[in-house]
Amino acid sequence: MKIFKPQGFTLIELLVSLVLLALLVSATAPLMQMTAKRNKEQELKKVLWQLRDAIDAYKLAADEGMIETSLIDTGYPESLHLLVDGVENIQDPNKRKIYFLRRIPRDPFAVDPSVKNDLTWGKRSYSSSFDQPSEGDDVYDVYSLSRDVGINQQAYRDW
240 MKIFKPQGFT
250 LIELLVSLVL
260 LALLVSATAP
270 LMQMTAKRNK
280 EQELKKVLWQ
290 LRDAIDAYKL
300 AADEGMIETS
310 LIDTGYPESL
320 HLLVDGVENI
330 QDPNKRKIYF
340 LRRIPRDPFA
350 VDPSVKNDLT
360 WGKRSYSSSF
370 DQPSEGDDVY
380 DVYSLSRDVG
390 INQQAYRDW
């Protein structure tokens, strides 16, 4: 005689497995958030390096006499758009332009997608102080406008 034994899970077994699944999901959520933040930070470092390198290349070209400047100019670009639009090389007989960037990158921590890329950056002029950066006649440096703090406990605007 065969005894009928029901197959399947009991209610207790189902509840225990759901609780274990919920614990696994809640444990991985902070790790996923940290990974996303780290990726944004790496992008910020890369973009800041690109912008600062382009500004330095512009200054070097101005110092070498490739870009027309006056005696009162600092040699830094008047705006980030000059790095993309290019400037005329006065040493070239064909007057070709020198380009320093293909496009102005966006701050990865900018929250408003409708803001243009160049407006997502804070700009510091050559005449402003390091502690209180302000815009002026030229762009000496750029920084993030984000008020957030990085994984290294340093504010993004101080990078």
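Just add 239 to wherever you are in the sequence shown, counting from 1, and you've got our numbering. The C-beta atom is built at its ideal place from N, Cα and C for all residues, glycine as well. Keep in mind that this is a model prediction, so the values were computed, not measured.
Output needed for residue i: all residues of its chain with C-beta closer than 6 Å, excluding positions within five of it in sequence on either side, in chain order.
i	result
tryptophan 288	none
Ignore the nearest five residues each way along the sequence and tell me which others in residue i's own chain have a CB closer than 7 Å to its CB.
i	result
glutamate 374	Lys362, Ser364
threonine 359	Arg345, Asp346, Ala349, Leu384
Where does residue i fall in DSSP's three states?
i	result
arginine 277	helix
tyrosine 379	coil
glutamate 327	strand
lysine 336	strand
threonine 267	helix
Take the Cβ of residue i as the centre, count every other Cβ of all protein chains shown within 10 Å, and call the residue buried at 16 or more, exposed below.
i	result
valine 286	buried
threonine 369	The sequence shown places phenylalanine at residue 369, not threonine. With fewer than 16 Cβ atoms within 10 Å of its Cβ, phenylalanine 369 is classed as exposed.
Going by DSSP, which residues form a beta bridge with residue i?
i	result
alanine 394	Val388
tryptophan 360	Ser383
Whose C-beta lies closer than 8 Å to the C-beta of residue i among residues of the same chain, with five residues either side of it excluded?
i	result
glutamate 334	Reading off the sequence shown, one finds lysine at residue 334, where the question assumed glutamate. Glu327, Asn328.
alanine 301	Thr308, Asp312, Gly314, Tyr315
Does any residue of chain C bring its CB to less than 9 Å from the CB of residue i?
i	result
proline 269	Here chain C cannot be found, since the structure has a single protein chain.
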